[in-house]
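First residue of the sequence shown? That's 1 in the UniProt record's numbering, and the numbers climb one at a time after it.
Yeah, the Cβ is synthetic: ideal placement off N, Cα and C, and Gly gets one too.
Here the structure is a predicted model, which is why all the values come from computation and not from measurement.
Working notes for the structure below.
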Amino acid sequence: MSSSLPGSDPVANSPTFVSVQSAGDVRKIKFCQWCGGPTKHEIPDGEEKLRAICTHCGKIAYQNPKMVVGCLIEHEGKVLLCKRNIQPSHGLWTLPAGYLEVGESAAQGAMRETWEEAGATVETYVIFLAKLKNLHFAPGPESLECRLFALDEIPFDSLAFSSIYVTLNLYLEDLKKGKLKFHYGTINKRPGSSPSDIRAFSLDYHLQP
């Protein structure tokens, strides 16, 4: 994952992906897909890219592949978590992650989300696994707090999503076995459960070479 650049203005020193100004061909979106109202094209508060925003209902048309990418950042036996400042699961802990944008690779999206939520720049070693380059990090607009947790202090009872719960548990299991693996699987949430009910799931098709 990443660590923010030492020293001065984090915006001036931020990675190049922060400077991208539009997501997809957003100016072609003239009307709202929900209510049919006309749209305006602005950068929403707390975001970096131009979006189509309905002038009637206020909904934002996001053009992205709906794939969530992020990083599990490790540093000297600790992992970096962010306390969410947005819904769902406001106030709960998560890995820095978010939706992949149009035109990004999974690794680029993971690094961008890490910068936006934790103010940290990272080197991705294996997709979603990264090491801090230095100890400079800070919460972004979508995070209340960012903190390094010792492995025996990870707040499992206050995690935001089942995917984070699964990721951290598999990581700890791999560490105990002395070998980090690539994991693939499907997390199926129990019908009717809330996003913050982190134990309401089954892990299916779990493959680990």
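{"Query": "Can you tell me where the beta strand (DSSP E) holding D197 begins and where it ends?", "Result": "Premise fails: D197 is in no beta strand (DSSP E) and is neither H nor E."}
{"Query": "Span of the alpha helix (DSSP H) holding V154?", "Result": "The question names Val, yet the displayed sequence has Ile at residue 154. Note, I154: premise wrong, no alpha helix (DSSP H); not H, not E."}
{"Query": "DSSP on N169, reduced to helix/strand/coil?", "Result": "helix"}
{"Query": "Can you name the start and end residues of the beta strand (DSSP E) that A52 belongs to?", "Result": "R51 to C54"}
{"Query": "Within 10 angstroms of its Cβ, does I198 collect 16 or more other Cβ (buried), or is it exposed?", "Result": "buried"}
{"Query": "Given this structure, state the Cα-to-Cα distance separating P88 from K133, to the nearest angstrom.", "Result": "30 Å"}
{"Query": "DSSP on W93, reduced to helix/strand/coil?", "Result": "strand"}
{"Query": "Does the distance from the C-beta atom of Y205 to that of T186 stay below 8 Å?", "Result": "yes"}
{"Query": "Alpha carbon to alpha carbon, what distance is there between L148 and P155?", "Result": "11 Å"}
{"Query": "Who are the near neighbours of K181 in its chain, counting only those whose CB is closer than 6 Å to its CB and skipping five residues on each side?", "Result": "D174 and Q208"}
{"Query": "Have a look at G36 and V166 and give me their C-alpha separation to the nearest angstrom.", "Result": "40 Å"}
{"Query": "Using the Cα positions of R112 and C146, report the straight-line distance between them to the nearest angstrom.", "Result": "16 Å"}
{"Query": "Give me the Cα-Cα distance between K176 and L151, rounded to the nearest whole angstrom.", "Result": "11 Å"}
{"Query": "Could you work out which residue in S202, S196, L203 and A200 is closest to L92 when comparing CA atoms only?", "Result": "S196"}
{"Query": "Would you check if the distance between the CB atom of A52 and the CB atom of I86 is smaller than 8 Å?", "Result": "no"}
{"Query": "Go through its chain and collect everything with a Cβ distance to V79's Cβ below 6 Å, but skip five positions before and after it.", "Result": "F149"}
{"Query": "Could you tell me which residues DSSP pairs with K40 in its beta bridges?", "Result": "I53"}
{"Query": "Quick one: is I73 buried, meaning 16 or more other Cβ sit within 10 Å of its Cβ, or exposed?", "Result": "buried"}
{"Query": "So, K189 versus S162, is the Cβ gap smaller than 8 Å?", "Result": "yes"}
{"Query": "Give me the DSSP bridge partner(s) of R84.", "Result": "S143"}
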